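In the numbering used here, the protein residues as written are 253 to 544.
Worksheet for the structure shown next.
Okay, structure coming up:
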């Protein structure tokens, strides 16, 4: 039977503590986000964060790590990611070199080459083996093949990994786990049941204005409000890629670098490439905003 890892001390005192400490990193959460982070911490459950690209899902995990002094371990998911890339694999080249230069006794050689020295720890195993506070970010889970979800379920159920040659490795302290998804496909119900769920959408104009001013404090408030208003208009268009919050911040830094305290049509047209990265999107925006 797998030994249950010890629950670490809570990272946050209450929901207000979550909101305050995340804000100190520059991440301004709404009440739902702060509540979800608090509950994930207190209940020891993974937090599945879903929403469109660019709303701050990955940044939330980074902010939790930063404000709690935890190490961040990231598994970037993609089509074809497998156990060897997510969990562990053996250093085959090093094993071959050892066999060529070592004992002729196969039993001794096998015991030697399947030891810790030859084990390459990937993100999931790395997070489990860490003794320091850790945030495990499983990013863009929906991009991975569905088969990888079985591996995630196994690891997230017991926070333990069995390496046949070495035995079962159990976490001495469980990491704070954040899974993100852009909802390009449905994740399995089994994986969802294992997690708390949080949907993050683009922030409302007031929150986005405050986020912008927190990241670009030199920006005049009236200009920040106008940039956020235009971003909202762009997000209402049929675009290939809607502007992210990070691109709103980049736009604020851009107009500040240009020495602007107001923004006119010419400046919008000249800087659309900061927030829209497809030519067809720029053409559509220029037409609908009547910048031509």
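Glycine included, each C-beta is placed from N, C-alpha and C at the ideal position.
Since we're looking at a predicted model, the values are computed, not measured.
Exposed or buried, what is residue i when buried is set at 16 or more other beta-carbons lying within 10 Å of its beta-carbon?
i           : result
residue 510 : exposed
residue 450 : buried
residue 429 : buried
residue 397 : exposed
residue 358 : Any reading at residue 358 needs caution, since the residue's pLDDT is 49, under 50, leaving its predicted position unreliable; the model's value is listed next. Label assigned to residue 358: exposed.
residue 320 : buried
residue 504 : buried
residue 330 : exposed
residue 460 : buried
DSSP on residue i, reduced to helix/strand/coil?
i           : result
residue 358 : Confidence is the limiting factor: at residue 358 the pLDDT is only 49, short of 50, which leaves the residue's position unreliable, though a coordinate-based value still follows. Helix, per DSSP.
residue 513 : coil
residue 278 : coil
residue 325 : strand
residue 409 : helix
residue 384 : coil
Residue range of the alpha helix (DSSP H) that residue i falls in?
i           : result
residue 534 : 531 to 540
residue 393 : Counting along the chain, residue 393 falls outside any alpha helix (DSSP H), and DSSP gives it neither H nor E.
residue 309 : 309 to 320
residue 335 : 335 to 338
Apart from the five residues just before and just after residue i, which ones in its own chain have a Cβ nearer than 8 angstroms to its Cβ?
i           : result
residue 512 : 475 and 519
residue 336 : 374
If you follow the beta strand (DSSP E) that residue i is part of, which residue opens it and which one closes it?
i           : result
residue 302 : 299 to 302
residue 528 : Segment: none, residue 528 is in no beta strand (DSSP E) and carries neither H nor E.
residue 592 : With the chain represented from 253 up to 544, any question about residue 592 goes unanswered, as that position is not in the structure.
Give every residue of the same chain whose Cβ lies closer than 7 angstroms to the Cβ of residue i, excluding the five residues on either side of it in the sequence, and list them in chain order.
i           : result
residue 294 : 262
residue 540 : 489
residue 434 : 304, 305, 392 and 394
residue 514 : 475
Can you find a C-beta in chain D that's less than 9 angstroms from the C-beta of residue i?
i           : result
residue 338 : Of the protein chains in this structure there is only one, and it is not chain D.
Report all residues from its chain with a CB closer than 6 angstroms to the CB of residue i; omit the five preceding and five following residues, and keep chain order.
i           : result
residue 496 : 306
residue 270 : 264, 286, 289 and 290
residue 281 : 271 and 274
residue 308 : 497
So within the region 415 to 487, which uninterrupted beta strand (DSSP E) runs reach at least 3 residues, ignoring any that extend past its ends?
419 to 422, 428 to 433 and 448 to 451
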